[in-house]
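Participant: This is the structure I have questions about; it appears just below.
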């Protein structure tokens, strides 16, 4: 039987292009690599994640262990891994954390589930589901250790990476709430359109009963701030961290040769302040970041430096460099005060802050009479802050300028 000869068209169809085959193999290899990497990164059930740990609990607070399949009392040191659930009743609460930079508080009458990441999630992201109640949080960027936290309620999804915030889930009223004190939170509605909003510091967003967002976030009211201010309590303060701050400050300028103690002052009911000395690994310089929140009308907050053997008569001025912080608001002005045991002796009011370093000069106009300064304060108020009631400034090189030594007269 004669063999049928293939046409040129049929030959092309049956011939496999080597480059095409190679491309298909590369795509398959890439998918398999991603599969293996994702599995090895997350683990089969997310168990490779570092667990959260309960720092504090009170009242009728419970933990559901996925391993034991039972509700047990929440106690300090209990580890919360993927699959764990926690709940609180009236007059109870749970504080839990993963590191110094990731802290949460589950308020009373609330429930929370720690869920495993989805297969195609990129980066070490944590997932939580808040079916009801209130969750306060503090998260900071940890250089790749955690790529944020995804928090879901019945009507919204919040991706939190570097913020102080509050989330409320109300399954009865069917209106969920997200408010931000510091940073920015990405919020996505669960309505059909899945609208996304960036909720920034001192802003909030509330969903409708069907999970829709308003056009834009709105500024929080004083009543909102009063509810949310508790989140500032999550910022950790330990004896070790305070000792480190005191040690770092010694490298921030010769003013600190006379400082034996420093910290912040504020009334938790009407404001907040925080300070952090940081070492720049590249330059070796130590800078100071000062955060303030003077949202309520009578708020007065700031920093204090307790001094010893600081004789004003020996110096002409205090100088320091100041600039704004990228992504943060800044005040119109603030006050620097020098205090003796009788009260404020000198005061200055720096203003006009910019993204680049500028040197502020505080002349003392002191005579030769000895005056011992016992405290230097930096004061932020609702009035002096101007429009930006919450913000941050960065400082460096706190220098006391000595008086020139008088030359002896020629005889």
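Numbering (full-length UniProt numbering), first residue to last: 1 to 411.
Ideal Cβ placement from N, Cα and C applies to all residues, glycine included.
No experiment lies behind these values; they were computed from the predicted model shown.
Within the chosen definition, does the region 267-274 reach the region 290-308 through at least 3 CB pairs nearer than 8 Å?
Facilitator: yes
Participant: With a threshold of 8 Å, are at least 3 pairs of Cβ atoms found where one atom belongs to the region 127-139 and the other to the region 161-177?
Facilitator: yes
Participant: Given that a residue counts as buried once 16 or more other Cβ atoms are within 10 Å of its Cβ, and exposed if not, what is residue 187?
Facilitator: buried
Participant: Output the distance between the C-alpha atoms of residue 114 and residue 130, rounded to the nearest integer angstrom.
Facilitator: 9 Å
Participant: Given this structure, state the Cα-to-Cα distance separating residue 80 from residue 64, to the nearest angstrom.
Facilitator: 9 Å
Participant: When burial is assigned at 16 or more other CB atoms within 10 Å of the CB, is residue 88 buried or exposed?
Facilitator: buried
Participant: Is the Cβ of residue 292 closer than 8 Å to any Cβ of chain C?
Facilitator: This model lacks chain C altogether, as it is built from one protein chain only.
Participant: Does DSSP put residue 281 in a helix, a strand or coil?
Facilitator: coil
Participant: Quick check on the burial criterion: 16 or more other C-beta atoms within 10 angstroms. Buried or exposed for residue 383?
Facilitator: exposed
Participant: Output needed for residue 39: all residues of its chain with C-beta closer than 6 Å, excluding positions within five of it in sequence on either side, in chain order.
Facilitator: Residue placement at residue 39 is flagged as unreliable, the pLDDT there being 44, under the threshold of 50; the coordinate-derived value follows with that caveat. The answer is none, since no qualifying residue turns up.
Participant: Is the beta carbon of residue 205 closer than 8 Å to that of residue 178?
Facilitator: yes
Participant: Report the three-state DSSP secondary structure of residue 384 (helix, strand or coil).
Facilitator: helix
Participant: Can you give the Cα-Cα distance for residue 214 and residue 386, rounded to whole angstroms?
Facilitator: 27 Å
Participant: If residue 400 sits next to residue 373, beta carbons under 8 Å apart, how far is it from one beta carbon to the other, in whole angstroms?
Facilitator: Rounded, the Cβ-Cβ distance is 10 Å, inconsistent with contact.
Participant: Do residue 395 and residue 288 have their C-beta atoms within less than 8 Å of each other?
Facilitator: yes
Participant: From residue 435 to residue 55, what distance separates their C-alpha atoms?
Facilitator: Because residue 435 is not part of the residues shown, which for the chain are 1 to 411, the question remains open.
Participant: Just confirm the distance between the C-beta atoms of residue 326 and residue 355, as a whole number of angstroms; I'd bet it's less than 8 Å.
Facilitator: 7 Å
Participant: Let me check you understand the geometry: is the CB of residue 183 closer than 7 Å to at least one non-hydrogen atom of the ligand FAD?
Facilitator: With respect to the ligand FAD, the structure shown offers nothing to examine, as it has no ligands at all.
Participant: Which term fits residue 25, buried or exposed, when burial requires 16 or more other beta carbons within 10 angstroms of its beta carbon?
Facilitator: exposed
Participant: Rounded to a whole number of angstroms, what is the C-alpha to C-alpha distance between residue 414 and residue 127?
Facilitator: Any question about residue 414 goes unanswered here, given that the chain covers just 1 to 411.
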